[in-house]
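Add 29 to a position in the sequence shown, counting from 1, and you land on the number used in the working numbering. Every residue, glycine too, gets a C-beta built ideally from N, C-alpha and C. Please read the structure below before turning to the comments.
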Amino acid sequence: MTSKTLARTCNCIHCKQKLEQISRSKVYWDKLISNKLNA
């Protein structure tokens, strides 16, 4: 998990985009799981 830590401390566009992608996927899976639990 060192790459994730490095991405957080780095300010380059690539790392910022990668962190945004990770964040979006977490939101997506949280919604998907909660929808399945509520169904």
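Measure the alpha-carbon distance for Arg53 versus Ala68 and round it to whole angstroms.
Along the sequence shown, one-based indexing puts residue 53 at 24. Along the sequence shown, one-based indexing puts residue 68 at 39. Arg53 and Ala68: Cα-Cα distance of roughly 23 Å.
Comparing the CB of Ile42 with every heavy atom of the ligand ADP, is any distance shorter than 7 Å?
What this structure holds is no ligand at all, so the ligand ADP is not there to describe.
What separation, rounded to the nearest whole angstrom, lies between the Cα atoms of Leu61 and Ile51?
As a first step, residue 61 is located in the sequence shown; it is residue number 32 there, counting from the start. As a first step, residue 51 is located in the sequence shown; it is residue number 22 there, counting from the start. Each residue's Cα considered, the two are about 15 Å apart.
Following the continuous alpha helix (DSSP H) through Cys44, name the residue where it begins and the one where it ends.
Translated into positions along the sequence shown, residue 44 becomes position 15. Per DSSP, Cys44 belongs to the alpha helix (DSSP H) from 42-67.
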